[in-house]
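For the sequence shown, position 328 matches number 317 in the working numbering, and the numbering has no gaps at all.
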Amino acid sequence: MEYSKTTIAIAVILFGALTYTLYKMLGFGSNQFPVDGKTILITGASEGMGRSAAIQLAQKGANVVIVSRSPPKLEAALELIKAAAADPSKQRFHYISADLTNPEDADRILDEATKWNNGVAPDTVWCCAGYCHPGYFIDVPIQTLREQMDTVYWTAAYTAHATLRRWLKPVSLGETQVASPPRHIIFTASTLSFFTVTGYGPYSPPKAAMRNLSDVLVQEIEMYNGARRAKDANAPATDVKIHIVFPMGISSPGFENEQKLKPDLTHIMEEADKPQQPDEVAAIAIKGLERGDFQIITNTIGQLMRTSSLGASPRNNFFLDTASSWLINIACLFIIPDLTGKAFKFGKKNGIPATKP
-10 MEYSKTTIAI AVILFGALTY TLYKMLGFGS NQFPVDGKTI LITGASEGMG RSAAIQLAQK
50 GANVVIVSRS PPKLEAALEL IKAAAADPSK QRFHYISADL TNPEDADRIL DEATKWNNGV
110 APDTVWCCAG YCHPGYFIDV PIQTLREQMD TVYWTAAYTA HATLRRWLKP VSLGETQVAS
170 PPRHIIFTAS TLSFFTVTGY GPYSPPKAAM RNLSDVLVQE IEMYNGARRA KDANAPATDV
230 KIHIVFPMGI SSPGFENEQK LKPDLTHIME EADKPQQPDE VAAIAIKGLE RGDFQIITNT
290 IGQLMRTSSL GASPRNNFFL DTASSWLINI ACLFIIPDLT GKAFKFGKKN GIPATKP
């Protein structure tokens, strides 16, 4: 049997794409996120996923600076991080108390971390600060809506802005730069950025704004990366990498409080969502960073949610992401009517929901 050149070409492309997909999924390839001896600043790291990430990065040899509002929680977290150090004689750890809804505090933590790090800015900044306040949109006070945008989106935006202004020193065309490893900014969003449900009106929009910011920066940063290339193409200057993590529910003190605030309808719609442990989420996120992924998902359902709305976002893996997007977009023909139907039936049976205090 003879095959056309087009058929053979398609088969070669599919085979190559599948091979590359398996290669990446099985963890082969160089580590794109080496942290041994690097300094990593993590916001919102006094508990939950941020603290777990700090502990695991300390186990890999990183120097870690943690940031949150509460000094007592920071002190307790720092003891756990120190105890996890791969080499306590070489690694260093520090905490900074700050309210990152204030842009001046974002500048302050970068200045303090740089001074503590012997005048060198952190190699990685991971934005984990924020909390979720669910509720029906019109039942939640305007002040709460503003606070959600401040604590979820603006804490990350202020921190990234302060960081990038320190990393991206202007460079003249053709100016030679000293080669050094890539730096990383990591945002922590939510799968609600892609696929939200009733009850997250206060929380989903700020997370979606964070996702959009990461999409902008992953393009925009290449202008600076290009301008910072050395005259010698074989000796690249520092590149900056953007990443964003999309967990689903994470078991934590904050999640327990969130459960109390959720409307009954939200609980019904989230029956299939089983929260993950902070350690599990942090480990999956770090693995994704080591693979070099731009968007990092922490479970299979989240992966399907992500590919339902990729839009202009860069693909982690064009073969896997494309196949997944076809699957989930067909599934959405049934999922969306089901969710809206549940909301309609709930209202018909229970009437207008009472506002929770």
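We put the beta carbon where it would ideally sit given N, CA and C, even for glycine.
Residue environment analysis places Ser19 among the exposed positions, since fewer than 16 neighbouring C-beta atoms fall within 10 angstroms of its C-beta. If you check the CB distance, Leu254 and Gly340 do not come in under 8 Å. Taken through DSSP and simplified to helix, strand or coil, Val141 comes out as helix.
If you look at Arg58, you'll find it isn't in any beta strand (DSSP E); DSSP assigns it neither H nor E. Going by beta carbons, Thr287 and Ala274 fall inside the 8 Å limit.
DSSP places Tyr84 inside the beta strand (DSSP E), whose first and last residues are Phe82 to Ser86. The beta-carbon separation of Lys158 and Ala178, rounded to 28 Å, does not stay under the 8 Å limit for a contact. With the rule of 3 Cβ pairs closer than 8 Å, the segment 134 to 154 counts as touching the segment 86 to 95.
The C-alpha of Glu279 lies about 7 Å from the C-alpha of Pro23. The shortest C-alpha to C-alpha distance from Ala110 to any of Val53, Ala66, Ala72 and Gln284 is the one to Val53.
Distance between Gln137 and Tyr192, taken at the CA atoms: about 6 Å. The distance from the Cβ of Lys230 to that of Pro194 is about 26 Å, inconsistent with a contact at the 8 Å cut-off. For Asn246, the closest alpha carbon among the candidates Ala34, Ile44, Gly124 and Ile85 is that of Gly124.
Taking a cut-off of 8 Å on C-beta distances, the segment 115 to 130 does not touch the segment 96 to 103, as fewer than three cross pairs fall below it.
Within the DSSP bridge table, the entry for Thr28 names Asn52 as partners. C-alpha of Ser203 to C-alpha of Trp156: approximately 17 Å in a straight line. By the criterion of at least three beta-carbon pairs nearer than 8 Å, the segment 54 to 68 is not in contact with the segment 254 to 271. It is roughly 10 Å from the alpha-carbon of Lys337 to the alpha-carbon of Gly330. Per DSSP, His173 is one residue of the beta strand (DSSP E) stretching across Arg172 to Thr177. The straight-line gap separating the alpha-carbon atoms of Gly243 and Ala216 is approximately 42 Å. Excluding five sequence positions before and after Tyr84, the CB atoms of its chain that fall closer than 6 Å to its own CB belong to Ile55, Leu63 and Leu67, given in chain order.
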